[in-house]
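K.L.:
If you scroll down you'll find the structure; I have some questions about it.
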Amino acid sequence: MNVAFFLTPKKDVVYETINSTMRQALERMEYHRYTAIPIIDEEGKYVGTITEGDMLWKLKNTPLHVSSDIEDLISLAVNQNFVPVVDDNDVFIGIIKRSEIIQYYYNKSLKVSE
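Here the working numbering is used: the first residue of the sequence shown is 1, the next is one more, and so on.
Okay, structure coming up:
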């Protein structure tokens with residue numbers, strides 16, 4: 001016996017193409033009650049699998065208002081590689097990288113120890 005014994009043919013598989021939007025993939029997964037689907041390119045080659053978890057991670061980064069305190073920034077940066085920053089109208093204005101925060105405090109600690 002080989003793997004073909006268990007194979008569900010492509011025509012019976014729910015999948016998305018690499019050009020699909022997150023929304024299209026999410027709607028398809030929700031409609032079919034799947035938690036993951038394969039992604040293929042224009043030539044039908046397998047590219048990967050997208051999961052609900054992937055989508056949650058994509059949406060995970062909580063934004064911070066530009067007028068927020070440094071404590072708020074650090075509390076978000078603990079769990080995020082970068083923190084999106086928005087203005088008072090919630091318009092995206094940039095990001096703050098966790099590595100920049102660490103570098104800032106590292107440099108500051110070097111000056112204190114001198």
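Built from N, CA and C at the ideal position, the CB exists for glycine as well.
Here the structure is a predicted model, which is why all the values come from computation and not from measurement.
Quick one: residues in its chain with C-beta nearer than 8 Å to the C-beta of V86, no 5 flanking neighbours on either side, listed in chain order?
P.N.:
P63, L64, H65, V66, F92 and I93.
K.L.:
Pull up the distance between the alpha-carbon of V110 and that of D72, whole angstroms please.
P.N.:
Here residue 110 turns out to be Leu, not Val, going by the sequence shown. Taking the straight line from one Cα to the other gives about 24 Å.
K.L.:
What separation, rounded to the nearest whole angstrom, lies between the Cα atoms of I70 and N107?
P.N.:
So the two alpha carbons sit approximately 17 Å from each other.
K.L.:
Compute the Euclidean distance between the alpha carbons of T49 and I101, then round it to the nearest angstrom.
P.N.:
Those two C-alpha atoms are separated by around 33 Å.
K.L.:
Using a Cβ-Cβ cut-off of 6 Å (strictly less than) and excluding sequence neighbours within five positions of N61, which residues of its own chain qualify?
P.N.:
Counting only Cβ-Cβ distances below 6 Å, and skipping sequence neighbours, we find Q80 and P84.
K.L.:
Among E16, I96, T51 and T35, which one has its Cα closest to the Cα of F82?
P.N.:
F82 has its Cα closest to that of I96, out of E16, I96, T51 and T35.
K.L.:
What are the start and end residues of the alpha helix (DSSP H) that includes V112?
P.N.:
It spans R98 to S113 - the alpha helix (DSSP H) in which V112 sits, taken as one unbroken run.
K.L.:
Which class does Y31 belong to by DSSP, given the choice of helix, strand or coil?
P.N.:
Helix at Y31.
K.L.:
For V14, which option in L56, I39 and V78 has the closest C-alpha, if you only look at C-alpha atoms?
P.N.:
Of L56, I39 and V78, the residue nearest in Cα terms is I39.
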